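Offset between the sequence shown (1-based) and this note's numbering: plus 394. Beta carbons are placed, not taken as given, at the ideal position from N, Cα and C, and that holds for glycine. Nothing here was measured: the structure is a model prediction, and the numbers come from that model.
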Amino acid sequence: MSGAGPAGGEELVAALDELLEAERAGARVALASIRDASGEALAALMRHVRGDEARWCAMLSRHVRRLGARPSRRTGAFYGKAMAIADPWERLAFLNRGQSWVVRRLEALLPQVEEEGLRADLLDMLESHRVNIEQAADLLRAGR
Ligand SMILES: [Fe+2]
């Protein structure tokens, strides 16, 4: 995003698509990590994160369509990078860094979003990510 002023249509769609691709990657990583989880606490967190990420994919797709564009069908490169990490705890730490990246993108995007419905949805997504990051950090401290 270029900074000053509200994001225009194309720029906003590009930002939402980038987040959509990242969330799709996150959902797929979490889904695969349910299987690979060492212990029920990690599996439960991955199920929870998977549900959240899928929900944000649906929300972002809906707004891209509302803006008259076709939502990206790509999965972010994050997926391949995360799945190359076999150790469940190492992968969780990597996933959490990806979630922190999403938080920074949302924080940068929000001041440029004027439409109230989209703002509310992005704020929900931001808050949910902050909570999930804390839960994962707690589990990383306690779990391994
Ligand atoms: Fe995410």
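Next on the checklist: Going by C-alpha to C-alpha distance, which of Val423, Gly403, Ala409, Glu412 sits closest to Pro482?
Outcome noted: Val423
Item to check | Among Thr469, Arg524, Ile479, the one whose alpha carbon lies nearest that of Val496 | outcome: Arg524
Checklist entry - Which first and last residues belong to the alpha helix (DSSP H) in which Asp481 is found? => result Looking at the DSSP string, Asp481 is not in any alpha helix (DSSP H), and its letter there is neither H nor E.
Checklist entry - What's the C-alpha gap between Gly542 and Gly511? => result Only positions 395 to 538 of the chain appear in the structure, and residue 542 is not among them; the question remains open.
Next on the checklist: On the DSSP letters alone, give me the boundaries of the alpha helix (DSSP H) that Arg541 sits inside.
Outcome noted: The question about residue 541 has no answer, for the chain in this structure spans 395 to 538.
Checklist entry - Starting from Val463 and walking both ways along the alpha helix (DSSP H), at which residues does that stretch end? => result The amino acid occupying residue 463 in the given sequence is Ala; Val does not appear at that position. No alpha helix (DSSP H) contains Ala463, which DSSP labels as neither H nor E.
Next on the checklist: Would the region 434-445 count as touching the region 459-472 if we require 3 or more Cβ pairs under 8 angstroms?
Outcome noted: no
Checklist entry - Helix, strand or coil: which one does DSSP assign to Gly445? => result helix
Checklist entry - What's the C-alpha gap between Leu517 and Leu504? => result 8 angstroms
Next on the checklist: Pop quiz: Leu534 and Ala487 are said to be a contact at Cβ under 8 angstroms. What is the actual Cβ separation, rounded to whole angstroms?
Outcome noted: 6 angstroms
Checklist entry - Can you give the Cα-Cα distance for Ala452 and Ala431, rounded to whole angstroms? => result 25 angstroms
Item to check | Cβ-heavy atom distance, Val496 to ligand 1, below 7 angstroms | outcome: yes
Next on the checklist: Between which two residues does the alpha helix (DSSP H) holding Ala471 run?
Outcome noted: Neither: Ala471 is in no alpha helix (DSSP H) and is coded neither H nor E.
Item to check | Length of the line joining the Cα atoms of Ser522 and Asn490 | outcome: 13 angstroms
Item to check | Simplified DSSP assignment, three categories, for Pro505 | outcome: helix
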